[in-house]
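At the far end of the sequence shown sits residue 314, using my numbering, and the numbering has no gaps. Ideal placement from N, C-alpha and C gives every residue a C-beta, glycine not left out.
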Amino acid sequence: MPAETDSAAAEALAGAVWVDLVEPSRADEALAERMLGIEIPTRDELKDIEPSSRLYTDGNAAYMTASLMVKAESDLPFLTDVAFILTPERLLTVRYAEPRSFEIFRTAMRRIPGGCSSPTVMVTRLLETIVDRTAEILEIAVTRADKLSLEVFGDKRHLARRPPRYLEDRVVQVSALHRLIAKTRDSLMSLSRVLTFLHGLPALQSDRDSLELCRTVTRDVQSLSEHANFVAGNITFLLDASLGLINLEQNAIIKIFSIASVVLLPPTLIASIYGMNFEFMPELHVAYAYPLTLVAMVLSAILPFFFFRWKGWL
């Protein structure tokens, strides 16, 4: 019965400072709206990119939407939109994925000095954990970039015997790493907007500790954004360098075929001349014509080869 459901929900929400809605159904959203007296944004509404749709106030509630990284360690990381609704009584989060930062925050809540007794403390501490997790993702990206750099520009003794499509596989990995950094930068940008909006809320202005923590987290986001730009530049260089090495290897192969063609051209010319079926060819009646012709063909192949070596073309 709806009345019994409302009663159970009201009992569960009594004294709760943080309400976390994970993949709520429309019925769950309607129940939360009745219990909390606020409007819950739908999944489609969270996808809006306009600032007026992601950061706004409605009565006593402040609505903030941030894009957070999910499955950063996998080959297919993606962003999920999470709503943070701050009211005088509690913090409400609405999400349709499981960012690692939420799991970390739930585990570390009991170790926070002074606890999270107010919604402002809860939201600033949660955002702090999200930013720390983003910093960890950047460290993962840097580690992967260093590993790929060693694989691409490794020891010269190992570069001469690369397996087929070695560099092509590295390019795919660099592209995936570039995707991770790009999404991390998008996440940092959305977090910066959320923190700026949060900093100006009256509820935070009246809480000195939360306000100072918000400023600290904002500075962390700015530092991470600069670091992410630096890492993105390194990854772009690594991608360009990998493509350049592929072109060099292809040019080297074409160079070998070109030189082989030039080296074999004089012997082919000699063989073509003496392969003609004319009746009067004086050399055909010379006793040593055949071995002399073979020697001439060998010399005509060897001399261009040493000439190319002398010029430094080989």
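Nearest by alpha-carbon distance to T42: which of L21, N277, L91 is it?
L21
Distance check for K255 and D240, CA to CA, integer angstroms please.
22 Å
In chain order, what residues of the same chain lie with their CB nearer than 7 Å to the CB of D81, ignoring the 5 residues before and after it?
L46, K47, T65, S67
Three or more C-beta pairs closer than 8 Å, one from the stretch 67-77 and one from the stretch 24-42: is that the case here?
no
Hey, is the stretch 253-267 in contact with the stretch 168-182, meaning 3+ C-beta pairs nearer than 8 Å?
no
So, are the CB atoms of T124 and A203 less than 8 Å apart?
no
Just list the alpha helix (DSSP H) runs in the stretch 11-84, keeping only unbroken ones of 4 residues or longer that don't cross its boundaries, in chain order.
Counting only runs of 4 or more, we get 26-36, 43-46, 51-54.
For a test of the three-state rule: what should DSSP assign to R95, helix, strand or coil?
strand
For L191, tell me which candidate among D58, L31, V221 has the shortest Cα-Cα distance.
V221
Per DSSP, which one or two residues make a beta bridge with L86?
Note: L86 is bridge-paired with A62, L91 in the DSSP secondary-structure output.
Does DSSP classify Y166 as helix, strand or coil?
Helix, per DSSP.
Rounded C-beta distance between L180 and A141? I'm assuming under 8 Å.
6 Å
Between N247 and I253, what straight-line distance do the alpha-carbon atoms span, to the nearest angstrom?
A direct Cα-to-Cα measurement between N247 and I253 gives close to 10 Å.
Can you list, in chain order, the residues of its chain with a C-beta nearer than 8 Å to that of L299? Leave out the 5 residues immediately preceding and following it.
none
Could you tell me which of A289, G200, N251, E139 sits nearest to T57, measuring between CA atoms?
G200
Suppose you measure from the CA of I137 to the CA of K311; what does that come to, to the nearest Å?
The C-alpha of K311 is placed about 51 Å away from the C-alpha of I137.
Within its chain, find whatever has a CB closer than 8 Å to the CB of T196; leave out the 5 residues flanking it on each side and keep chain order.
T218
For Q205 and W18, I'd like the C-alpha separation in whole angstroms.
20 Å
Taking the beta carbon of K183 as the centre, do at least 16 other beta carbons fall within 10 Å, making it buried, or is it exposed?
buried
On the three-state DSSP scale, how would you describe L201?
coil
Where in the stretch 189-254 do unbroken runs of the beta strand (DSSP E), each at least 3 residues long, occur, reported from the N-terminal end onward?
Annotation note: the stretch 189-254 contains no uninterrupted beta strand (DSSP E) run of length 3 or greater.
Shortest alpha-carbon distance to T134 belongs to which of P24, P77, N277, G233?
P77
Taking all protein chains shown into account, do 16 or more other C-beta atoms lie within 10 angstroms of the C-beta of R215, making it buried, or fewer, making it exposed?
exposed
Rounding to the nearest angstrom, what Cα-Cα distance links L148 and L188 in this structure?
Those two C-alpha atoms are separated by around 24 Å.
Are the beta-carbon atoms belonging to T93 and F105 less than 8 Å from one another?
No. Outside cutoff.
If you compare alpha carbons, which of Y288, S272, P267, A287 is closest to L303?
P267
Looking only at its chain, what residues have a beta carbon closer than 6 Å to the beta carbon of S210, apart from the 5 residues adjacent to it on each side?
T120, V121, T124, L204
Are S322 and R185 closer than 8 Å when you measure CB to CB?
The question about residue 322 has no answer here: the residues shown for the chain are numbered 1 through 314.
Does the Cβ-Cβ distance between R208 and L177 come in under 8 Å?
Not a contact, by the Cβ cut-off of 8 Å.
For A62, which residues in the same chain have their Cβ closer than 6 Å to its Cβ, ignoring the five residues on either side in sequence?
L86, L201
Look at the Cβ atom of I270, then the Cβ atom of A296, and state whether they are nearer than 8 Å.
yes
May I have the straight-line CA-CA distance separating E89 from C116, to the nearest angstrom?
12 Å
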